Every structure is written in C-alpha cells, then in structure tokens.
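For the sequence shown, the residue numbers in this note's numbering are 24 to 238.
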Amino acid sequence: MERHADRSRTDKPALELTTETAPEKKKGTTFKDVRVAILLLILLFVALDSFFMKANTSDWDQPLRVVIYPINGDQSDVSSSYIASLQESGFSAINQFMRREAARYGIAISDPLDIRMGPVIEEMPPLPPNNGDVLKTILWSLNFRYWSFTVDNYEGPKPDIRIFTLFYDPQTHKRLPHSTGIEQGMLSIVHAFSNRKMATQNNFVIAHEMLHTLG
C-alpha cells in the first residue's frame, strides 16, 4: 500500500535550476496532499469499521462467526491434499475450549463460536515485518486489512473473525514463521502443519491467535 514518490531527474547541476521548475514542484506538492487525504480517509474507514465490529462483539449475546480460510503455504501436493481433506468438525476442539473459557468468565452463552470453513485462498497474505518497526507494522496492518478485503469471497454471513491459515508440509518445514492476530479488523494469520497428527497443535495456535483478535 505504501507508494514512493518518483524522483525527478535532470542533467543540469542543482545550482543551475531556474524558476521554470516551480510549477513542477507545486504539482508534486498537490499530489502529496492528495495522497495524505486518501490515507486519512482509509484510516477513518478502518477506525469506524473496527469500532462497529467491536460494538457488535463485546456483549457476547450471540456466537461469534469465525471463518477459517485455508492457504497452501508451501505450494506442495501434501498441503493441497491435506487442505482438501479438512472439515469444519476438525475445528470443534476450538469451540469446546472457548465454551469452557466462557463459562469460567461467567459469559452466559452455550456456544461462543460459530466456526466455518471458508474457500481456499490462492493468494499469499502480506506477512508482518520481522524487525518490529512501528511504522512498518502500521503499514503492514493496513495492507493486511486491505488484502483480506480483496480476497474474501466467503458466501455466508459476514464473519466477525477471519483466520487465514497457511499450511506447510512438516517434512520440508520443521519450523514455521510466527503466527499473528490483530484486534483492528479482527484478522489473523496462522502458520500450521499439513498433518492430521498435528491437528491439535494447529487448533491451539488458531485459538491463541483468535484470542488476540478479541483484545
């Protein structure tokens, strides 16, 4: 989402620039102002969207709609076959966990979650920066939310929480990148293994990152 302004080039030394360059400078300033205005509109839209989503979910008076979108993280046949075998019942342990937690916190709802399988996403999500730079993280968050909007073709009711789960063949990927969940937009990127024996571990990571989306 970040755009870099084009650098103007000239064959003349800097000291030989005349007042003829002034209109070009004014034009560049106008373009910068437009970019700032667009960014502010995006930030306003994101803030309003996050506010109303939190307002709808904070009362826990109805199940949260959670949609898990599988992604072939390593583009392998193993992951492709594993994704094809996934069923919604395979994530029931997450709902059981949340049911216990809801009872522990005195939330009077029998099923806190309504977990659904979304369509397979072919496009890779933007991954968060490794160095934890604040500005880069903010830009990534905006980019991730925009990306999720463009690829989401789930045909059911609008989900409250969207979890994009990338699967990898454990034979070729012994360690996976860190998963992440963000409260703004209630989105998560989860890295998981394409192996039934690791389904419990996968569900734990999904549940953990899902909780991050709730604040």
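Beta carbons: idealized from backbone N, C-alpha and C, even for Gly. These figures come from a predicted structure and were not determined experimentally.
Nearest to N218 (by Cα), restricted to the options L109, G179 and D137 | It is L109 whose Cα lies nearest to the Cα of N218.
Simplified DSSP state of G238, which is helix, strand or coil | Of the three classes helix, strand and coil, the one that applies to G238 here is coil, per DSSP.
Per DSSP, G204 forms a beta bridge with which residues?
-> Partner(s): S211.
What residues are listed by DSSP as bridge partners for R185?
-> Answer is V90 and L210, bridged to R185.
For chain D, find out if any of its Cβ atoms is closer than 8 Å to the Cβ of M121; answer yes or no.
-> Judged by its chain identifiers, the structure shown contains no chain D, having just a single protein chain.
Who does D156 pair with in a DSSP beta bridge?
-> D156 pairs with nothing; no bridge assigned.
Between K181 and the rest of its own chain, which residues show a CB-CB distance below 8 Å, the 5 nearest in sequence each way excluded?
-> The residues are R88.
Can you name the start and end residues of the beta strand (DSSP E) that I138 belongs to?
-> Boundaries of the beta strand (DSSP E) around I138: L136 to M140.
Using the C-alpha atoms, what's the distance from N176 back to L165?
-> Straight-line spacing of the CA atoms in L165 and N176 works out to 19 Å.
Quick one: residues in its chain with C-beta nearer than 7 Å to the C-beta of T236, no 5 flanking neighbours on either side, listed in chain order?
-> Closer than 7 Å at the Cβ level, and outside the excluded window around T236, lie I184, G204, I205, E206, M209, L210 and S211.
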